[in-house]
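Chains as they are written, first to last, in my numbering: chain W, 1172 to 1623; chain Z, 30 to 234; chain Y, 18 to 323.
Note sheet for the following structure.
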């Protein structure tokens, strides 16, 4: 009889047990602190300036940027590629680490997913900002041509966004129920949100089964989709003839870079969140150590693709291709190029190979540098190629021979980054950073294994 | 003195006779030039012996009323095309004794769908016959094969004409992935329903 | 009386300008031109085709009688002239960068003098090779990379070979600009780029010009469809003083530069015609004749650039 009850309880899932008080105290969303408020206001100011810049762009047209007929794509597009790259991390932590049964990923999953959702949201928004006629956005859905790589990008981004939202929401369901049941003192609208989105979660076994099955299916589905999203984005460049873009290597090159940049982004955000919400018990030094090793692996893979991408054409030095490479290696873009490769790639790899490099504070600094390097790397992919067309640029004003983004471009780009961080902050204001029910499951599993 | 007069007389006679000759010669030429041609016609004909030839013939009525060929008239032969007149040159573009000019038809020249080609000929302000022009259609052109690219399936075609393989591949992938997403979305509704049932069970207990 | 004559002439010019403005349908300055319209409507309606492909109904009193018949047709602007395949040949041995083609193109398309859809570039194929001037319009490729990548079908291939742009469909993503290896396309970044000076405005004949400028959309050479559909040569071809440009129909196998009319296949065979960057597989419809036996020695000349 007893064992039957035990098995029945086991099948019933964790919710049948009371949530331990310490988990509730540590993990439930907390009140807004002073530093939190300052950070939010700071982000809102940046978003406001960007909004003002965007209004001036809507009024006068894209002439307020420094993009002209030759450099017709600029930091809006490189920012778009950056956001798509970062968003791959959702699939990395939620799916890849899940299917490979990596245990330590549990506290990081939600952080990774919200980064992914925020990034992909702003990827879509920054693309609308880059359009010459944004009010015609609906043309994509009414007149869309299936032969265009942009249409493929629209389809995969929409699909990836949907699946990421589901992968964020479904594992959140049990926690939403806990919030609904325990946060009785919260504001009325918050309580309504918890109740509505918890979907009448009652911790029944069948409900748990649906959640676990769904997560597994989505984890499998999101991996090819994550590979597609950045491969298709890379095809925006690789399907053209331009020197530096006409490469068969672009798909894997971009995907490898995306995993690396996303991993670094997760580490950086995790560190800040851990310190701010006091989660040292749940996100330990060991987590940073593991993530550091993962980041080294991904960086080495990306280094490999970089070598392929630059050494092979550099060996041949075709005319236009060679001119573009010279600009990168020794010309106008040399400082940016070598900073990105050395500071953004080589040094992080070396530092992270040491155990002390993978301690929280050093790895946080390294990750921030890697993310900044990743942003500038995308700029290095977009601009030098456009400045080296097959027919050399002639008979245009001097400024058309260079690309120096205007304050509006910087403001709008910064606003998009601030906006992504803002979404992340809002999310963590409302929902637990670390998954409560999964932490409980892990504890149960540990005590079980200790009993045996 | 007498010799001098003789010489002067001889020279004078020479001059006068020369003058008379030239006057008569001019009269002769004038007479010739004054042969008025009327009702001049320019006709095109086509000959296939030993290759394709275009023959332009200038005929006119001489003063006696007989229709005779006119010699030494420069004839221009062109083929009428949309943006200009394609000149057809031959060895001699001036009419011979039979009043004809013969040129070779250009090799491998396309015509319209049936192979028709419009040959145009003119005489420009000729002293004898003035302005003449004529044109004629001959089926010597290579029939034009016009490919209508509007209905071809291609990557650069309109969206209705995308390559079939692309259409199938993309739609299949969308159907599979979104089918799964919708399936899972329905499962979420199941969670909701299960929860409602559980709540009623609990409240009954 | 003197005064009456002047006013009637002014009225006639106004009508002509308005007709041109309505026919061109351009957004630039259209409102100020239309507001000049003050003659009484006759009640008789005529259907015109605007370059955007829209059929507009206009009162007959407004039409300048010299408007080309080609415009008053109902042929679908995305289909092209049936039975023709336009082709251009540019003889590089004759080009000395006179720049008249650029000026004519600017006038034709309501562009300021420092912008035109045809560019003249200094090219030098190899270090020891000779520099030469190369005019580059849009090549209207048969395997056009720009048309392939357009997500909304704002640029399209017509049956007569022309690659057209619909400025009412374009969303301004500029993928086509990046995809074109010949840098043929330009973008309307903002109204300041298209400001015409009063002299430039007066120099344009409205019923012959065509401008569909919309801020935030892409533009390029369009082989002047109002002219070529009517069997007239495009403005750049007509304007060149050195006979550099030949234009014609590949189906007819004949091209002309206004003075000389030649058989296309023979011309290309005899003078070794080639296409620029043939290896990319874009299949351009513009051929070049090599700069051999030059008519003019190469000299550096400065072009206008604001």
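We treat Cβ as the ideally placed atom computed from N, Cα and C, and that holds for glycine.
Just so we're clear, the structure is a prediction, and the values are computed from it rather than from any experiment.
DSSP places residue 1378(W) in the helix class (H, G or I) of the three-state scheme. Nearest CB-CB separation between residue 191(Z) and chain Y: not below the 8 Å threshold. C-alpha of residue 1262(W) to C-alpha of residue 1523(W): approximately 23 Å in a straight line. Residue 105(Z) holds the alpha-carbon nearest to the alpha-carbon of residue 164(Z) among 45(Z), 78(Z), 105(Z), 100(Z). Of the residues 1560(W), 1469(W), 1496(W), the one whose Cα lies closest to the Cα of residue 1482(W) is 1496(W).
Linking residue 129(Y) to residue 289(Y) through their CA atoms gives a straight-line distance of about 36 Å.
With respect to residue 235(Y), residue 194(Y) sits close: the two C-beta atoms are nearer than 8 Å. Residue 111(Z) and residue 162(Z) have their C-alpha atoms spaced approximately 19 Å apart. By the criterion of at least three beta-carbon pairs nearer than 8 Å, the segment 1476–1492 of chain W is not in contact with the segment 1442–1457 of chain W.
With the criterion set as a beta carbon lying under 8 Å from some beta carbon of chain Z, the members of the segment 1315–1328 of chain W are 1315, 1316, 1317, 1318, 1323, 1326, in sequence order. Under the 8 Å criterion on CB atoms, residue 188(Y) is classed as interfacial with respect to chain W. Under the 8 Å criterion on CB atoms, residue 188(Z) is classed as interfacial with respect to chain W.
Chain order gives no chain Y residues near residue 1250(W), where near means a beta carbon separation below 7 Å; the closest approach is about 15 Å. Spatial neighbours of residue 181(Z) in its own chain (CB-CB distance under 7 Å, excluding positions within 5 residues in sequence) are listed in chain order as 190. Contact annotation for residue 175(Z) against chain Y: 99, 100, 101, 102, 176, 268 [CB-CB distance below 9 Å, chain order]. Counting C-beta pairs with one atom in each stretch, the segment 187–201 of chain Z and the segment 1307–1316 of chain W have three or more that are closer than 8 Å, which means they touch. With respect to the 8 Å criterion, residue 1411(W) and residue 201(Y) are not classified as neighbours on the basis of their beta carbons.
By the 16-neighbour rule on beta-carbons within 10 angstroms, residue 1573(W) is exposed. In the three-state DSSP reduction, residue 126(Y) falls in the coil class, being neither helix nor strand. In the pairwise beta carbon analysis, the segment 72–87 of chain Z is classified as not touching the segment 228–246 of chain Y: fewer than three pairs are separated by under 8 Å.
With a cutoff of 8 Å on beta-carbon distance, residue 1551(W) and residue 1500(W) are scored as not near each other. Using a Cβ distance threshold of 8 Å, residue 1303(W) and residue 221(Y) do not count as a contacting pair. Beta bridge pairing from DSSP links residue 133(Z) with 82(Z). Unbroken alpha helix (DSSP H) runs of no fewer than 4 residues, entirely contained in the segment 221–263 of chain Y, are found at 242–245, 252–256, following chain order.
For residue 280(Y), the neighbours in chain Z by C-beta distance under 8 Å run, in chain order, 115, 135, 138. Separation of the CB atoms of residue 113(Y) and residue 313(Y) is rounded to 4 Å, and the pair is thereby assigned contact status at 8 Å.
Listed along the chain, the chain Z residues whose CB falls inside 7 Å of the CB of residue 1375(W) are 223, 227. Per DSSP, the unbroken beta strand (DSSP E) holding residue 162(Z) starts and ends at 159–167.
When DSSP reads this structure, residue 151(Y) sits in a beta bridge with 138(Y). Residue state for residue 170(Z) is assigned as coil, using DSSP reduced to three classes.
Residues of chain Y whose Cβ lies closer than 9 Å to the Cβ of residue 179(Z) are, in chain order, 95, 96, 97, 174, 175, 176. Listed in chain order, the non-local C-beta contacts of residue 1405(W) below 6 Å within the same chain comprise 1421, 1422, 1425, local neighbours out to five positions each way being set aside.
Assigned with DSSP and collapsed to three states, residue 304(Y) falls in strand. Across the structure, residue 1454(W) and residue 1280(W) are spaced so that their CA atoms are roughly 11 Å apart. Any Cβ of chain W closer than 8 Å to the Cβ of residue 166(Y) would place that residue at the interface, and such an atom is present. Residue 169(Z) has a beta carbon lying at 8 Å or more from every beta carbon in chain Y.
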